[in-house]
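Beneath this line is the structure, given in structure tokens, with notes to follow.
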Amino acid sequence: MIVIYNVVIVLCKNARRKFPVNIYLLLAGNLSEGILFGIVSSYFGTFSILLGAGIALLVCFIIVAFRLQTRFDFDGLGTSLFQGLAVLVLFALAGTFLNGIFPIVHVCFACLGTLLYLCRFVDAIQSIVSCTHKIPVSPDDYVLASLVIFSAAGF
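Numbering (the numbering used here), first residue to last: 1 to 155.
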């Protein structure tokens, strides 16, 4: 459902700009992402979920406030994100095999994952807000902009 939603939003300009259709598409996307997050979070404890959600909310608010108030440009961040993802995947594989030997691997893996998440979120905000506009967003494209930010926050 999420893949179909993303394809429809990105490829069909008329669907994302027409009034009742864009609201329904935004509702469908939020519901499908919410169900996905609900299923994934059912495997973890309540304290872990609340702690992660609180930290993510605070960090996202700080990043958006920083990005809207500063003149720093993060346009070259895309290649660094790919390199960070490669490091994170290799670190995850090493942590899988060294789980009993080094329990600190979990903490380092969480720190690297959080750092990569923050860089991805900054890149998504930059692609919408920057002067170069990697993703051209008109006032009618708030559904596409919310998709970009929501997918960055979710993945």
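In this text, a Cβ means the ideal position worked out from N, Cα and C, and glycines have one as well. Because the structure is a prediction, the values reported are computed rather than measured.
- Message: What does the alpha-carbon distance come out to for the pair ASN6 and LEU147?
- Response: 8 angstroms
- Between ILE128 and ILE149, what straight-line distance do the alpha-carbon atoms span, to the nearest angstrom? 9 angstroms
- When the distance is taken between beta carbons, is ILE9 closer than 9 angstroms to LEU25? yes
- Query: Mind checking VAL87: buried by the 16 CB within 10 Å criterion, or exposed?
  - Reply: exposed
- Given ASN22, which residues of its chain have a CB within under 6 angstroms of its CB, disregarding the five upstream and five downstream residues? ARG16 and VAL143
- Item | Alpha-carbon to alpha-carbon, PRO139 and ASN14 | 14 angstroms
- State the start and end residues of the unbroken alpha helix (DSSP H) segment that holds PRO20. 19–41
- Beta-carbon spacing of ILE125, VAL64 below 9 angstroms: yes
- Task: Could you tell me whether the Cβ atoms of VAL59 and PHE121 are closer together than 9 angstroms?
- Result: yes
- Terminal residues of the alpha helix (DSSP H) in which VAL137 lies: Premise fails: VAL137 is in no alpha helix (DSSP H) and is neither H nor E.
- Task: Find the nearest neighbour of LEU116 within the set LEU93, PRO20, GLY38 and VAL89, judged by alpha-carbon distance.
- Result: VAL89
- Query: Measuring CA to CA, which of PHE37, PHE66 and ILE49 is closest to LEU118?
  - Reply: PHE66
- Spatial distance of HIS69 from LEU27 (CA atoms): According to the sequence as given, residue 69 is Gln; it is not His. Taking the straight line joining both Cα atoms gives about 30 angstroms.
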